[in-house]
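Written out below as structure tokens is the structure these notes cover.
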Amino acid sequence: MKKLKMFTTVLLVSLALILSACGTSKTSGDGEKKTLRVVTDAAYAPFEYQDKGEVVGFDIDFVKAVAKEAGYPVKVENVGWDPVFIEIEGKTADIAISAITITPKRLQTYDFTVPYFLSKNEILVPKGSPIKSAKDLEGKKIAVQNGTTGQEAVEKLFGENNDKLKKFENNNLAILELKKGGVDAVVADNTVVETYVKNNPNDNLVFIEDDGTFEKEFYGLLLPKGSKLKADLDKAVNKLLENGTYEKLYEKWFKIKPDIKILKEQQ
């Protein structure tokens, strides 16, 4: 009887320890953080694009690093540009990342994390083009990706009803139209434009900078309005900016050092 009592006591203590461990674990049972669904438009190299069926790019590396720092597993899905916003507004996705500029208009409908990337619009034209600045675009046929700040910039200059403005589902189609001679120029984010010129020298295209016309823009992770993830993700983004992870990813994809100071100043 004494042995039975001792055995029972040991069994109960062991069981209590097991239950206690399960209750405090962050990686088992109900304590495990959910997998975040991340949506993107994988047609925007070098930020996000498809390589042998896999979505890759700077944005993809970055969002995975942010999620890891915040303690969340993620699943990235390519859904297209317009669906990115539909999914976030409908709260069927947790995060969107696709070189999305933080704008006052978008902040009315969505939340953003603190900025993680500095950008600006540039002009892509054939070599020998008479277009040398934004003002030279007047009266010219211009291609943009629909729903982007490139479109907004052109409409700000020449009006929303400009019949010379051609809108495309993505920048790849806009650039294809330029190569075919269907438009005189493309307006898009500088990194995308410059990367295309660098990687496709035989296309004989050049980019035009106009800092006096095109304002600085900042990308953020797009979140549903009122997202409870914002505080965790903001903290994680700042950690990556401070611990050298962001700089390593930036140099991997763009071969230059980022301006982290200006990103921090925007907060």
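Quick note: the sequence shown, position 229, residue 229 per full-length UniProt numbering, numbers continuous.
Positions of the beta carbon are idealized from the N, C-alpha and C atoms, including for glycine.
Whole-angstrom distance between residue j and residue i, CA atom to CA atom
i	j	result
residue 206	residue 137	15 Å
residue 160	residue 243	43 Å
residue 25	residue 229	Here residue 25 scores only 27 on pLDDT, less than 50, and its place in the model should not be relied on; the value that follows carries that caveat. One C-alpha to the other measures close to 20 Å.
residue 203	residue 123	15 Å
residue 22	residue 178	Here the model assigns residue 22 a pLDDT of 36, short of 50, so the residue's position is not dependable and the matter cannot be decided.
residue 239	residue 114	12 Å
residue 156	residue 93	31 Å
residue 255	residue 50	20 Å
residue 28	residue 65	For residue 28, the pLDDT reaches just 35, beneath the cut-off of 50, and the residue's location in the model is therefore unreliable, leaving the point undetermined.
residue 54	residue 195	20 Å
residue 218	residue 128	31 Å
residue 106	residue 89	11 Å
residue 39	residue 260	25 Å
residue 35	residue 83	20 Å
residue 192	residue 47	8 Å
residue 180	residue 125	12 Å
residue 264	residue 52	36 Å
residue 112	residue 223	6 Å
Bridge partners - residue i, DSSP secondary structure assignment
i	result
residue 119	217
residue 112	222
residue 125	206
residue 187	123
residue 36	74
DSSP three-state assignment for residue i, whether helix, strand or coil
i	result
residue 47	coil
residue 86	helix
residue 209	coil
residue 41	coil
residue 65	helix
residue 54	strand
residue 99	coil
residue 93	coil
residue 177	helix
residue 25	The pLDDT assigned to residue 25 is 27, lower than 50, so where the model puts this residue is not dependable; a value taken from the coordinates is nonetheless given after this. If DSSP states are grouped into helix, strand and coil, residue 25 belongs with coil.
residue 163	coil
residue 247	helix
Endpoints, the alpha helix (DSSP H) within which residue i is located
i	result
residue 199	190–199
residue 236	230–243
residue 145	Unbroken run through residue 145 is the beta strand (DSSP E), 142–145; no alpha helix (DSSP H).
residue 332	Any question about residue 332 goes unanswered here, given that the chain covers just 1 to 267.
residue 265	260–265
residue 107	104–107
Range of the contiguous beta strand (DSSP E) that encloses residue i
i	result
residue 170	No beta strand (DSSP E) contains residue 170, which DSSP labels as neither H nor E.
residue 75	74–78
Beta carbon proximity, residue i to chain B, threshold 8 Å
i	result
residue 117	Given the protein chain composition of this structure (a single chain), no chain B is represented.
Is there contact here, the stretch 63–75 with the stretch 98–108, by at least three beta-carbon pairs under 8 Å?
Fewer than three Cβ pairs drawn from the stretch 63–75 and the stretch 98–108 lie within less than 8 Å of each other, which leaves the two stretches out of contact.
Check whether the stretch 205–220 touches the stretch 124–139, counting contact only when three or more Cβ pairs, one atom from each stretch, lie closer than 8 Å.
Yes: at least three Cβ pairs fall under 8 Å.
Cβ pair count under 8 Å reaching 3, the stretch 249–262 against the stretch 75–88
By the Cβ test, the stretch 249–262 is not in contact with the stretch 75–88, since fewer than three Cβ pairs between them sit closer than 8 Å.
With contact counted as at least three CB pairs below 8 Å, one residue from each stretch, are the stretch 164–182 and the stretch 33–47 in contact?
Yes, the stretch 164–182 is in contact with the stretch 33–47.
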